[in-house]
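The structure appears below as structure tokens.
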Amino acid sequence: MIERYTEKAIRILLLAQEEALLARHGRLYSEHLLLGIMREGSGLSAKLLKASGVTMADLREAIHKCHPENKQEISSQESMPFSEEAKRTLRAAWYEGQASGTYYVTPENIFLSLISNKESTTVKLLENLGVNLKRIKASVEKVSNKQVKSTIHP
């Protein structure tokens, strides 16, 4: 399945795993994917979040409140399980890519899937940080649609 991800999307997954490991959360939650997007930093969604005033420190603090530190020792990224919500998010990212006319997953597909469920912890977290998700979503979708028309596989 990883072959369906662009290099930047793979980097986001690796950074998300690293964030979960550093936070000692015991599993990768969908909110860690958001941290991965921000740390990777070159995608439109990361730039728009940063322009909205979102910082890594703010995100880490908010995520820590949702998911306290796990007391069990997690030794590596390879043994880090994904939460059910994170799995659903990544499946949705694949479908998001297909719906846009591609057969690969981009950072923007991951971001759009993260904010697609209005009741998700990620959406609530971003709204609590004052992010206008409707505006960011519209911008990401607009640019993503233009990119799809001009590329085959980035």
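Residue numbering for the sequence shown follows this note's numbering, starting at 111 and increasing by one per position.
For each residue, glycine too, the CB sits at the ideal point set by N, CA and C.
*Just the C-alpha distance for Ile225 and Val233, rounded to the nearest angstrom, thanks.*
6 Å
*Within the region 122 to 204, note down every full alpha helix (DSSP H) run reaching 4 residues or more, in order along the chain.*
140 to 150, 154 to 161 and 166 to 176
_Starting from Thr216, trace the alpha helix (DSSP H) in both directions and tell me its first and last residue._
It is not in any alpha helix (DSSP H) - Thr216 carries neither H nor E in the DSSP assignment.
*Just tell me which of Ile147, His174 and His135 has its CA closest to the CA of Phe221.*
Ile147
*Is the CB-CB distance between Ser162 and Asn219 below 9 Å?*
no
*Among Val253, Ser254, Arg201 and Arg170, which has the Cα closest to the Cα of Ile112?*
Arg201
*Among Lys244, His177, Tyr213 and Glu251, which has the Cα closest to the Cα of Thr231?*
The shortest C-alpha to C-alpha distance from Thr231 to any of Lys244, His177, Tyr213 and Glu251 is the one to His177.
*Closest Cα partner of Leu125 within the set Ala203, Gly240, Leu236 and Pro217*: Pro217
*Got a sec, what are the start and stop residues for the alpha helix (DSSP H) Glu237 sits in?*
Thr231 to Asn238
*Distance, Leu138 Cα to Ser193 Cα*: Spanning the two alpha carbons is a distance of roughly 6 Å.
*What's the gap between the Cα of Thr199 and the Cα of Ser210?*
C-alpha separation (whole angstroms): 16 Å.
*Cα-Cα separation between Arg134 and Arg121, rounded to whole angstroms*: Cα-Cα distance, rounded: 20 Å.
*Cβ neighbours of Val253 in the same chain (closer than 6 Å, five flanking residues each side left out)*: Leu154
_In whole angstroms, give me the CA-to-CA distance for Ala172 and Leu143._
14 Å
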